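*Asks:* This is the structure I want to talk about, given as structure tokens.
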């Protein structure tokens, strides 16, 4: 009899040398891999799968009927071989750029979740920004004495368009003006500089804090440049003249993150004292102070200004009401601090990047993990990922990559059985590579079949 149920998918495991025939079915608590699941016996595999999928609504796989006992988080698939410090979407939403301490910049196809280009940046990349016309990508970071720490790339080819400033040093913050003519940079020397993107000329106006510049953002109308510093202040500047308009005091520790709502009404700042402050952009008055539970490293507003997301030291992406500051939910799955979050410019997708070397794509409205940006070249041999296609409610089809043994959404179709890792660690990683994070230990062939 033909089933009329909409097909769901579960991941099967079988050894490469297993005999032909039906693959062996595993109960979920017996599957290899680190999952956030209780040890309670499940009555049947398909029933357990339903619990698994329900747990995804929180962004973290957790049995709803959990009992006491240890839980295990799912390991990440690598996007880089070192901590990822920055992610940025292109204005058209087609590309995602990532920068890491492995001294590489990667440009990803957002629809396919695949690497289009890998750029040898020759610096530990700390900040990235696309120009509004999507043609250029500006990157800053920490470089050795004979290497540039601020570079403009052709986003299409990945070629160097221009290097700015002297070699060596450290760029800790970047922002591009809404017209795409200038880029502002902040550094450890406590100064903010403005550069002409086309000519590479530096404007002489210097803006200073009493501490290292941690974060920069332009207002949507380009009339304000906002900076956050290790001196615990937020400052609002007039970009063309360098005139200081306001100093916002309210944080008690370094300010690591800033964003301005697209409606140009609110400034959000996040700091080391585990708080987020919402400010009125015009008056500078505090609208709301939010307890964030951990040091905040990154902030991003949704395109319609209604949602604010934060990433921080507690490994969690937190979702807030962009106006009231009310907590709406959490997205869990990273295994180390989150240093970058970015909202897709046209929808409710959020990218997050962390010290666990992974980049995750979330549906902020549904609280679901959509995909991971997985580079086989950054994932050790013997570790694998599943790849599948799915169609959303608008009829748009996209590809996604998930860890082995992850349950697939309804209607998903496997692209291939297994995407193998290729990375073989060298004797020594780059100086700033770090050692955070590991990948899903999946040494079996991954395949997925419909459960009817």
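In the working numbering, the protein residues as written are 1 to 452.
Just so you know, even glycine gets a beta-carbon here, dropped at the ideal spot from N, CA and C.
Keep in mind the model is a prediction, meaning the values are calculated, not measured.
Once DSSP output is grouped into helix, strand and coil, what is the label at residue 353?
*Replies:* Three-state DSSP puts residue 353 in a strand.
*Asks:* Nearest CA to the CA of residue 298: which residue from 345, 327, 316 and 340?
*Replies:* Nearest option by C-alpha distance: 340.
*Asks:* Rounded to whole angstroms, what is the Cα-Cα separation between residue 250 and residue 319?
*Replies:* Answer to the nearest angstrom: the Cα atoms are 22 Å apart.
*Asks:* Output yes or no for whether 7 Å exceeds the beta carbon distance between residue 96 and residue 364.
*Replies:* No. Outside cutoff.
*Asks:* Should the segment 133-149 be regarded as contacting the segment 110-117, the criterion being three or more beta carbon pairs within less than 8 Å?
*Replies:* Verdict: no, contact absent.
*Asks:* How long is the line joining the alpha carbons of residue 366 and residue 330, rounded to whole angstroms?
*Replies:* Approximately 11 Å between the Cα atoms of the pair.
*Asks:* Consult DSSP for residue 378 and reduce its assignment to one of helix, strand or coil.
*Replies:* In this structure, residue 378 counts as helix in the three-state DSSP scheme.
*Asks:* According to DSSP, simplified to helix, strand and coil, what is residue 348?
*Replies:* In the structure shown, residue 348 sits in coil (DSSP, three-state: anything other than H, G, I, E or B).
*Asks:* In chain order, which beta strand (DSSP E) runs of at least 3 residues are fully inside the segment 175-245?
*Replies:* Taking only runs of at least 3 residues, the beta strand (DSSP E) segments lying wholly in the segment 175-245 are 182-187, 191-196, 213-218, 225-229 and 233-237.
*Asks:* Could you pull the start and end residues of the beta strand (DSSP E) that residue 402 belongs to?
*Replies:* Its beta strand (DSSP E) spans residues 397-403.
*Asks:* Here's the rule I'm using: 16 or more other beta-carbon atoms within 10 Å means buried, otherwise exposed. How should residue 346 be labelled?
*Replies:* Exposed is the call here.
*Asks:* Is DSSP giving residue 79 helix, strand or coil here?
*Replies:* In the structure shown, residue 79 sits in coil (DSSP, three-state: anything other than H, G, I, E or B).
*Asks:* Go ahead and pull the three-state DSSP assignment for residue 130.
*Replies:* Looking at residue 130 - three-state DSSP - the assignment turns out to be strand.
*Asks:* My output table needs one value for residue 21: the three-state DSSP class, helix, strand or coil.
*Replies:* Here the model assigns residue 21 a pLDDT of 37, short of 50, so the residue's position is not dependable, and the following value carries that caveat. Correct three-state label for residue 21: coil.
*Asks:* Take residue 99 as the anchor and find which of 403, 162, 373 and 412 has the nearest alpha-carbon.
*Replies:* The shortest C-alpha separation from residue 99 is found at 373.
*Asks:* Can you look up residue 373 in the DSSP assignment and give me helix, strand or coil?
*Replies:* Here residue 373 sits in coil by DSSP.
*Asks:* Can you check DSSP and say which residues form a bridge with residue 291?
*Replies:* Bridge partners of residue 291: 275.
*Asks:* Please classify residue 395 as buried or exposed, where buried requires at least 16 neighbouring CB atoms within 10 angstroms.
*Replies:* Residue 395 is exposed by the Cβ-count criterion.
*Asks:* Just to check my reading of the structure: residue 239 and residue 194 have Cβ atoms closer than 8 Å, yes? What is that Cβ distance to the nearest angstrom?
*Replies:* Right, the Cβ-Cβ distance comes to about 6 Å (below 8 Å), so this counts as a contact.
*Asks:* With distances taken from CA atoms, which of 220, 79, 183 and 244 is nearest residue 207?
*Replies:* The shortest Cα separation from residue 207 among 220, 79, 183 and 244 belongs to 244.
*Asks:* Exposed or buried, which one is residue 104 when buried takes at least 16 other CB atoms within 10 Å?
*Replies:* Classification of residue 104: buried, given that the 10 Å Cβ count is 16 or more.
*Asks:* Per DSSP, which one or two residues make a beta bridge with residue 360?
*Replies:* In DSSP, residue 360 forms a bridge with 352 and 372.
*Asks:* Assign residue 224 to buried or exposed, taking buried as 16 or more other Cβ atoms, counted over all protein chains shown, within 10 Å of its Cβ.
*Replies:* Result: buried.
*Asks:* If you measure between the beta carbons of residue 277 and residue 311, is that distance less than 7 Å?
*Replies:* Against a cut-off of 7 Å, the Cβ pair of residue 311 and residue 277 comes out as no contact.
*Asks:* Assess, as a yes-or-no matter, whether the segment 169-182 is touched by the segment 119-132 under the definition of 3 or more beta carbon pairs within less than 8 Å.
*Replies:* The segment 119-132 is in contact with the segment 169-182.
*Asks:* For residue 302, tell me which candidate among 201, 140 and 362 has the shortest Cα-Cα distance.
*Replies:* The residue with the shortest Cα to Cα distance from residue 302 is 362.
*Asks:* Could you tell me if residue 80 is buried or exposed, where buried requires 16 or more neighbouring beta carbons within 10 angstroms of its beta carbon?
*Replies:* Buried.
*Asks:* Less than 8 Å between the CB atoms is what I'm expecting for residue 322 and residue 269, so what's the real figure, rounded?
*Replies:* That pair is no contact at about 14 Å.
*Asks:* Hey, which unbroken runs of the beta strand (DSSP E) at 3 residues or more fall wholly within the segment 100-129?
*Replies:* Correct list: 104-109 and 114-120.
*Asks:* Spell out the partners DSSP gives residue 494 in its beta bridges.
*Replies:* No answer is possible for residue 494: it lies beyond the span of the chain, which begins at 1 and ends at 452.
*Asks:* Consult DSSP for residue 138 and reduce its assignment to one of helix, strand or coil.
*Replies:* In this structure, residue 138 counts as strand in the three-state DSSP scheme.
*Asks:* Excluding the five sequence neighbours on either side, which residues of its own chain have a C-beta within less than 7 Å of the C-beta of residue 230, listed in chain order?
*Replies:* The answer, listed in chain order, is 211, 212, 214 and 254.
*Asks:* Buried or exposed for residue 185, please, with buried defined as at least 16 other CB atoms from any protein chain shown within 10 angstroms of its CB.
*Replies:* Burial call: buried.
*Asks:* Looking only at its own chain, which residues have a Cβ that is under 6 Å from the Cβ of residue 313, when we skip the five neighbours before and after it?
*Replies:* Closer than 6 Å at the Cβ level, and outside the excluded window around residue 313, lie 294, 295 and 337.
*Asks:* Who are the near neighbours of residue 343 in its chain, counting only those whose CB is closer than 6 Å to its CB and skipping five residues on each side?
*Replies:* Cβ neighbours of residue 343 beyond the five flanking positions: 300, 302 and 350.
*Asks:* Based on DSSP bridge pairs, tell me the residues matched to residue 282.
*Replies:* Answer is none; residue 282 lacks a bridge partner.
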